[in-house]
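2 protein chains.
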Amino acid sequence: KDLVVTGVAHDVNVAKVGILDVPDRPGVAYRIFSALAQEAINVDMIVQTTKEQQTTDMLFSVSRDDLARAKEIVEAVAKELGARDVIVNDNVAKVSIIGAGMVSNPGVAARMFEALAKADINIQVISTSEIKVSCLVRAEDVLKAVRVVHEAFGLSQADPEAGAA
Amino acid sequence: KDLVVTGVAHDVNVAKVGILDVPDRPGVAYRIFSALAQEAINVDMIVQTTKEQQTTDMLFSVSRDDLARAKEIVEAVAKELGARDVIVNDNVAKVSIIGAGMVSNPGVAARMFEALAKADINIQVISTSEIKVSCLVRAEDVLKAVRVVHEAFGLSQADPEAGAA
Ligand SMILES: C[C@@H](O)[C@H](N)C(=O)O
Ligand SMILES: C[C@@H](O)[C@H](N)C(=O)O
């Protein structure tokens, strides 16, 4: 029951696209992601918080090869929607812990965040599910991130358990 | 290959906590979520984007019963960290599509967003994984959201397939 994390995975073929201060009203998410889908851009993470204001920020990740096209597509839609800015960054990588029942184990995500904090690694993006906690960090930090997270959970880096990040 | 979405799930026992304009530097996520873990608060979704500025916004969800305590804990930590604000809202519910291989199907999330957009339902929070796209919407919109998302994916609402939201 204690060891819920079974693996650590990472992905360096990641780039992020952020749409800042986009109107927070129905139809906005649809406009952006249908435009990307129409161009067959595969989107990995989609992350959006709310500020309970007129606008909010959205972020998604794509493969590095798709970044230039994704940027072009999103900039066009963002302009029509009146978003303040579109930011892209391919100097990122994803590190994830994979396990089961993480919701009922509040310390699990905290332990991952602690490992990264102690290694002085900034967490740029967080997205979670019951079986996975994913963080985007600076690309040059990812191998260190993978190492310290393995250590934090007592996992061997030789462990082939890890699935996709 | 076409029908990747196998179920629609929802959860009304959800409340959200947002920490706005929190310093975007190592250790912040750890401080917040270890404080919650120490009080045994189960956290469901954790969502954070980056603005590539000095600060960013973080958001997480808890059960309704835990909201008051979570607010108290987070307000204390947020104050120490110098965050601008903590917002809470229990007038929300979660709706999710569950499937497989959604990453390689860019139109899947877009189709869910389209259904919600056409029903004039605002999407407050988005978090995704390869097997799930979850949205937080206003509580009074959730049953309509579940219905229109079932329809968008040609699923019957009698289908017991849906797992946890
Ligand atoms: C920001 C975006 O998600 C918007 N709230 C929508 O519903 O489409
Ligand atoms: C905002 C928060 O995630 C911060 N960037 C951290 O690394 O802890």
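Taken in order, these protein sequences are the chains called Y and H. Residues in the first sequence are numbered from 27 upward in steps of one, following the numbering used here. Residues in the second sequence are numbered from 27 upward in steps of one, following the numbering used here. By construction, the Cβ of each residue, glycine as well, lies at the ideal position given by its N, Cα and C atoms.
Assign lysine 120 of chain Y to one of three DSSP states: helix, strand, or coil. Here residue 120 of chain Y is taken as the residue at index 94 of the first sequence, counted from 1. If DSSP states are grouped into helix, strand and coil, lysine 120 of chain Y belongs with the strands.
### Query
Does any CB atom of chain B fall closer than 9 Å to the CB of threonine 81 of chain Y?
Among the protein chains in the structure shown, which are Y and H, there is no chain B.
Anything in the stretch 52-82 of chain Y with a Cβ closer than 7 Å to a Cβ of chain H? List those residues in chain order, please.
-> Residues Pro52, Gly53, Ala55, Tyr56, Phe59, Ser60, Leu62, Ala63, Ala66, Ile67, Asn68, Val69, Asp70, Met71, Ile72, Val73, Gln74, Thr75, Thr76, Lys77, Glu78.
### Message
Please tell me whether leucine 181 of chain H and valine 31 of chain H are closer than 9 Å, where the distance is taken between their beta carbons.
### Response
Translated into positions along the second sequence, residue 181 of chain H becomes position 155. Translated into positions along the second sequence, residue 31 of chain H becomes position 5. Yes, they are a contact pair.
- Query: For a contact meaning CB atoms closer than 9 Å, what does aspartate 116 of chain H contact in chain Y?
  - Reply: Position 90 of the second sequence, counted from the first residue, corresponds to residue 116 of chain H. At a C-beta separation below 9 Å, aspartate 116 of chain H has no neighbours in chain Y, since its nearest C-beta there lies roughly 13 Å away.
Using the Cβ count rule (16 or more neighbours within 10 Å means buried), how would you classify arginine 137 of chain H? Walking along the second sequence from the start, residue 137 of chain H turns up at place 111. Counting Cβ neighbours within 10 Å, arginine 137 of chain H comes out buried, since at least 16 surround it.
DSSP three-state assignment for alanine 35 of chain Y, whether helix, strand or coil = For this step, residue 35 of chain Y is matched to residue 9 along the first sequence. Alanine 35 of chain Y sits in a strand when the DSSP states are folded into three classes.
Whole-Å CB distance - alanine 191 of chain Y paired with serine 122 of chain Y, under 8 Å assumed
Residue numbering aside, residue 191 of chain Y sits at position 165 when the first sequence is read from its first letter. Residue numbering aside, residue 122 of chain Y sits at position 96 when the first sequence is read from its first letter. Contact holds; Cβ gap of about 5 Å.
- If you draw a straight line from the C-alpha of arginine 173 of chain Y to the C-alpha of arginine 173 of chain H, how long is it? Taking the first sequence and counting its residues from 1, one reaches residue 173 of chain Y at position 147. Taking the second sequence and counting its residues from 1, one reaches residue 173 of chain H at position 147. One C-alpha to the other measures close to 44 Å.
Candidates H:Val38, H:Glu166, H:Leu46, of which the one nearest glutamate 101 of chain H by Cα: Taking the first residue of the second sequence as position 1, residue 101 of chain H is located at position 75. Ranking H:Val38, H:Glu166, H:Leu46 by Cα distance to glutamate 101 of chain H puts H:Leu46 first.
*asked:* Below 9 Å on C-beta distance, what does alanine 143 of chain H contact in chain Y?
replied: Numbered from 1 along the second sequence, position 117 holds the residue referred to as residue 143 of chain H. Here the neighbours are Pro52, Gly53, Val54, Ala55, Tyr56, Arg57.
message: Using a Cβ-Cβ distance cut-off of 9 Å, determine whether glycine 133 of chain Y contacts chain H.
response: Position 107 of the first sequence holds residue 133 of chain Y. Glycine 133 of chain Y counts as touching chain H.
Opening and closing residue of the alpha helix (DSSP H) in which phenylalanine 59 of chain Y lies: Translated into positions along the first sequence, residue 59 of chain Y becomes position 33. Residues 54-64.
Runs of alpha helix (DSSP H) lying entirely within the stretch 106-169 of chain H, each at least 4 residues, in chain order: With a minimum length of 4 residues, the continuous alpha helix (DSSP H) runs that stay inside the stretch 106-169 of chain H are 133-144.
| glycine 125 of chain Y to lysine 170 of chain Y, Cα distance in whole Å? | Stepping through the first sequence from its first residue, residue 125 of chain Y is reached at position 99. Stepping through the first sequence from its first residue, residue 170 of chain Y is reached at position 144. Computed Cα separation, rounded: 20 Å.
- Task: Throw me the rounded Cβ distance for the alanine 41 of chain H and valine 88 of chain H pair, which I believe falls under 8 Å.
- Result: Residue numbering aside, residue 41 of chain H sits at position 15 when the second sequence is read from its first letter. Residue numbering aside, residue 88 of chain H sits at position 62 when the second sequence is read from its first letter. Correct: roughly 6 Å between the Cβ atoms.
Check: Exposed or buried, which one is valine 38 of chain Y when buried takes at least 16 other CB atoms within 10 Å?
Finding: Along the first sequence, one-based indexing puts residue 38 of chain Y at 12. So valine 38 of chain Y counts as exposed.
Quick one: which chain Y residues come within Cβ less than 7 Å of glutamine 150 of chain H? Position 124 of the second sequence, counted from the start, is the residue given in the question as residue 150 of chain H. Within chain Y, the residues near glutamine 150 of chain H are Thr76.
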